[in-house]
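> Every position in the sequence shown, counted from 1, becomes a number in our numbering once 2 is added.
Every residue gets a Cβ at the ideal spot worked out from N, C-alpha and C, and that includes glycine.
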Amino acid sequence: MIETKMIYKTRKEEIDLCYSILLDLQLDEQPRGQTLAIDKIHTERFAPVLKSNILLMLYNLVEACVTNGFLEIYDCIKNNRIVYNQLVKSIQDIWSNYEIGKAHKTTANQITYERQVQSIISTVITDGTIELGKEALSISGNLDARAIRKLLRDHDIRIADQSDKLHMLTMKKKRNALAHGEESFGNCAREITISQLGEIKDEVLSFILDVLNCLSEYYEQQLFRKTSSSIPP
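1. Span of the alpha helix (DSSP H) holding arginine 148?
2. Using a threshold of 7 Å, state whether the C-beta atoms of valine 206 and methionine 170 are closer than that.
3. Based on DSSP bridge pairs, tell me the residues matched to threonine 131.
4. Nearest-angstrom Cα distance between tyrosine 100 and glutamate 46?
5. Given a threshold of 16 other Cβ atoms within 10 Å of its Cβ, counted over all protein chains shown, does lysine 174 qualify as buried or as exposed?
6. From Leu60, Phe48, Arg13 and Glu5, pick the residue whose C-alpha is nearest to that of arginine 177; which is it?
7. Between valine 64 and the rest of its own chain, which residues show a CB-CB distance below 7 Å, the 5 nearest in sequence each way excluded?
8. Grab me the residues of lysine 7's own chain with a C-beta within less than 8 Å of its C-beta, minus the 5 sequence neighbours each way, in chain order.
9. Would you check if the distance between the CB atom of tryptophan 97 and the CB atom of isoleucine 75 is smaller than 7 Å?
10. Bridge partners for arginine 227 per DSSP, in chain order?
11. If you draw a straight line from the alpha carbon of valine 90 to that of lysine 228, how long is it in whole angstroms?
12. Would you kindly work out how many angstroms separate the C-alpha atoms of aspartate 129 and serine 165, rounded to a whole number?
13. Report yes or no: do three or more beta-carbon pairs, one from the region 138-158 and one from the region 66-81, lie closer than 8 Å?
As structure tokens, this is what we get:
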């Protein structure tokens, strides 16, 4: 899962850079030899905007890593031409629901629905290649710890850390307020202190790294395949 881990690394570095600039803004005096490209008059206006941007960047990291991680797994299933009966039940269920959902998204009359079901049956009995896309994840800007854990459970992937992640929930809510235009960048994170933002950042990055480790193990060991003991004789 090299690509997804690179996404995490690159975006984490961008977030850490912005946070370090935010820390510099709160200093009364800059370290010798260092200057900022913003004067003190504008600092009070810029700092809240930067805090909101960091929250947005954190959410984008979360969604990019989770989405791309699962898509790498789906691509592995497709590229290895793994058929329905070789997959564990959780992936079978995700695929069949995904395929049936395609009919509902069209001007689905009875004939359209029946054809889609027939296509599913044909893929299963002829050992056709199983393909899954981003739509199978049903991600729509609502990824907090609870939603991510549900995605993992749906794929029968276990993560040890089951603790509450209230900072992730805060991040998601603030991101949605920005995305839907409910709050401006200047007001959205104004009440969040720099120290609190650091705690949010650390919690999000740590949790997503744990998620990526779980996805990586699932991917590398191809745990989406049935074991020999689970295949009927």
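Judging by the given coordinates:
1. 147-156
2. yes
3. Val85
4. 48 Å
5. buried
6. Leu60
7. Leu145, Val206 and Ile210
8. Leu214 and Ser218
9. no
10. Leu89
11. 5 Å
12. 41 Å
13. yes
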